[in-house]
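Taking our numbering, the leading residue of the sequence shown gets 18, the next gets one more, and so forth.
Using N, Cα and C, we set each Cβ at its ideal position, and we do this for glycine too.
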Amino acid sequence: MAQPLPDRLPPRSDAGVLGWLRTRLFSSPLNAVLSLLTIWVLLLAIPALVEYLFVQPDFAATTPEQCREAGGYCWAFVREKHRLILFGVYPYDEQWRPLLASVILVAVIACSCMRRFWRPSLALLWVVGLVAVGVLMWGGVFGLTYVENSKWGGLPLTLILSTFGIAFAFPFGVVLALGRRSHMPGVKAVCVIYIELIRGVPLVSLLFMSSVMLPLFLPEGFSIDKLLRAQIAIILFAAAYVAETVRGGLQAIPKGQYEGADSIGLSYWQQMRKIIMPQALKIVIPPLVGIFISLFKDTSLVVIIGLFDLTMAAKVAVSDAVWRGFSTESYLFIAVIYFIFCFSISRYSLALERQLDQGHHR
Numbered sequence: 018m019a020q021p022l023p024d025r026l027p028p029r030s031d032a033g034v035l036g037w038l039r040t041r042l043f044s045s046p047l048n049a050v051l052s053l054l055t056i057w058v059l060l061l062a063i064p065a066l067v068e069y070l071f072v073q074p075d076f077a078a079t080t081p082e083q084c085r086e087a088g089g090y091c092w093a094f095v096r097e098k099h100r101l102i103l104f105g106v107y108p109y110d111e112q113w114r115p116l117l118a119s120v121i122l123v124a125v126i127a128c129s130c131m132r133r134f135w136r137p138s139l140a141l142l143w144v145v146g147l148v149a150v151g152v153l154m155w156g157g158v159f160g161l162t163y164v165e166n167s168k169w170g171g172l173p174l175t176l177i178l179s180t181f182g183i184a185f186a187f188p189f190g191v192v193l194a195l196g197r198r199s200h201m202p203g204v205k206a207v208c209v210i211y212i213e214l215i216r217g218v219p220l221v222s223l224l225f226m227s228s229v230m231l232p233l234f235l236p237e238g239f240s241i242d243k244l245l246r247a248q249i250a251i252i253l254f255a256a257a258y259v260a261e262t263v264r265g266g267l268q269a270i271p272k273g274q275y276e277g278a279d280s281i282g283l284s285y286w287q288q289m290r291k292i293i294m295p296q297a298l299k300i301v302i303p304p305l306v307g308i309f310i311s312l313f314k315d316t317s318l319v320v321i322i323g324l325f326d327l328t329m330a331a332k333v334a335v336s337d338a339v340w341r342g343f344s345t346e347s348y349l350f351i352a353v354i355y356f357i358f359c360f361s362i363s364r365y366s367l368a369l370e371r372q373l374d375q376g377h378h379r
């Protein structure tokens, strides 16, 4: 004779605020402890930060003495030095040009991140955008005063170095990854030696080599601009790390994908372009984004070869005898700028992962 099953409690709902807290913050004893610890740290840090930034400061202060008397964050320093930090030693009356160039560069990058713009016309947009940036930064045409790139600095220089570094390092790294997996011994050996050599030295050493040693090997009367030398060093350095990341993605592709591509008669490059590489790049989106974020921050190392990037501009702003002692204000200002860009890149990568992963959800 069948026996009735005992009554069971209904499953807990994960909907609403309580459900979100249960699944995200208190799903296990360890997560509960970590969540409570994080909340405790935030309760200590946020009120102190708000007081330092908005309660203590005298927003009407115009001199260092008034800032020191009031305490807290010196917003007068930001008002006085923000143009130096953002644009470096670019001519003061012409600083609208690097501002507009930065807006154009960010706008082109933003369009490239939207899938609706992923069409051949995007290449034309990049060409037009880069030409506009070059015209604005250099000048010499359309009535604009010529400004040599030794006077470029601040945020525009950081954006230019990181954008061109990522744009050229990515395809170069993909080629290196394919070369390292090649069945041709010569090609494979060259790629392995390059990747291991570059990954075995810090970026600082490459920047020193490009700035100090490279001119010694060039023919007499031939020179390469310091900014271009730094850009080449950044590209070569990032490409080696991109290559190893992409190679890891290629190794993660099941052998059946290669065999299936062979069975339908695709050539090697057709296999890579249509089947293998899209899957491999999808797998390695998180580490690739980590490399791009690191590259954006590593552009601050060009300060050691005399380029006036965002970090160098902040350092020079603090060296002013009148405003000496406000290094916290200067570096916190550029830290916010770095955070905005890096956080935006990180959030975009998460959104891209979700979009590309929709086809695997049931």
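Flag this pair as yes or no: are the beta carbons of R246 and L231 separated by less than 8 Å? Position 229 of the sequence shown, counting from 1, holds the residue named residue 246. Position 214 of the sequence shown, counting from 1, holds the residue named residue 231. The answer is yes: Cβ separation under 8 Å.
I need the straight-line Cα distance from L42 to V58, nearest angstrom please. Numbered from 1 along the sequence shown, position 25 holds the residue referred to as residue 42. Numbered from 1 along the sequence shown, position 41 holds the residue referred to as residue 58. Straight-line Cα distance between these residues: approximately 15 Å.
Quick one: grab the DSSP three-state call for F187. Numbered from its first residue, the sequence shown carries residue 187 at position 170. F187: helix per DSSP, three-state reduction.
Using three-state DSSP, classify F43 as helix, strand or coil. By one-based count along the sequence shown, residue 43 stands at place 26. Residue state, collapsed to three classes: coil.
Exposed or buried, Q372, counting other C-beta atoms within 10 Å across all chains shown (16 or more means buried)? The sequence position of residue 372 within the sequence shown is 355, counting from 1. Flag for Q372 reads exposed.
Distance between G266 and V335 (C-alpha atoms, nearest Å): Position 318 of the sequence shown holds residue 335. Position 249 of the sequence shown holds residue 266. V335 and G266: Cα-Cα distance of roughly 45 Å.
Tell me, to the nearest whole angstrom, how far the beta carbon of F309 is from that of I121; I am working on the premise that it is less than 8 Å. As a working note, residue 309 is residue 292 in the sequence shown. As a working note, residue 121 is residue 104 in the sequence shown. Actually they do not touch by this definition, with Cβ atoms about 20 Å apart.
Nearest-angstrom Cα separation, counted from Y355 out to K332: The sequence position of residue 332 within the sequence shown is 315, counting from 1. The sequence position of residue 355 within the sequence shown is 338, counting from 1. For K332 and Y355, the distance between alpha carbons rounds to 15 Å.
Between K243 and S228, which are expected to be in contact by the criterion C-beta below 8 Å, what is the C-beta distance as a whole number of angstroms? If you number the sequence shown from 1, residue 243 lands on position 226. If you number the sequence shown from 1, residue 228 lands on position 211. Contact between K243 and S228 holds: CB atoms are separated by about 6 Å, below the 8 Å threshold.
Considering only their Cβ atoms, is the gap separating G105 from L176 smaller than 8 Å? Here residue 176 corresponds to residue number 159 of the sequence shown, with the count starting at 1. Here residue 105 corresponds to residue number 88 of the sequence shown, with the count starting at 1. For L176 and G105, no; Cβs fall outside 8 Å.
Quick test of the definition: if touching needs 3 or more C-beta pairs under 8 Å, does the stretch 117-131 touch the stretch 184-194? no
With distances taken between CB atoms, is the gap from I102 to S347 smaller than 8 Å? Position 85 of the sequence shown holds residue 102. Position 330 of the sequence shown holds residue 347. Yes, they are a contact pair.
Just confirm the distance between the C-beta atoms of P115 and W92, as a whole number of angstroms; I'd bet it's less than 8 Å. Numbered from 1 along the sequence shown, position 98 holds the residue referred to as residue 115. Numbered from 1 along the sequence shown, position 75 holds the residue referred to as residue 92. Actually they do not touch by this definition, with Cβ atoms about 23 Å apart.
Give a yes or no on whether the C-beta atoms belonging to V150 and A118 are separated by under 8 Å. Position 133 of the sequence shown holds residue 150. Position 101 of the sequence shown holds residue 118. For the 8 Å CB-CB criterion, V150 and A118 form a contact.
For the alpha helix (DSSP H) that P115 lies in, which residues bound it at each end? As a first step, residue 115 must be located in the sequence shown, where it is residue number 98. Its alpha helix (DSSP H) spans residues W113 to S129.
Could you compute how far the alpha carbon of G381 sits from the alpha carbon of C359? Residue 381 falls outside the range modelled here, since the chain spans only 18 to 379, and no answer is possible.
Chain-order list of residues whose beta-carbon lies under 6 Å from that of C130 (same chain, five-residue window excluded): Within the sequence shown, the letter at position 113 stands for residue 130. Hits under 6 Å: Y365.
Three or more C-beta pairs closer than 8 Å, one from the stretch 256-266 and one from the stretch 296-306: is that the case here? yes
Contact defined as beta carbons within less than 8 Å: I believe Q112 pairs with R96. What is the distance between those atoms, to the nearest angstrom? Along the sequence shown, read from residue 1 onward, the residue named residue 112 stands at position 95. Along the sequence shown, read from residue 1 onward, the residue named residue 96 stands at position 79. Contact flag wrong, Cβ pair sits at about 15 Å.
Which residue from T262, A78, G89 and E276 puts its Cα closest to that of P303? Here the question's residue 303 lines up with position 286 in the sequence shown. Closest by alpha carbon: T262.
Taking DSSP as the reference, what is the three-state secondary structure of G323? Residue numbering aside, residue 323 sits at position 306 when the sequence shown is read from its first letter. It is coil, neither helix nor strand.
Is the stretch 202-211 close to the stretch 143-163, with three or more CB pairs under 8 Å? no
Reference V164; option with closest CA among C84, Y109 and G196: For the purposes of this step, residue 164 is identified with residue 147 of the sequence shown, where counting begins at 1. Among C84, Y109 and G196, the Cα nearest to that of V164 belongs to Y109.
Residue from S344, V353 and S44 with nearest C-alpha to G89: Translated into positions along the sequence shown, residue 89 becomes position 72. Residue S344 is the option with its Cα nearest to G89.
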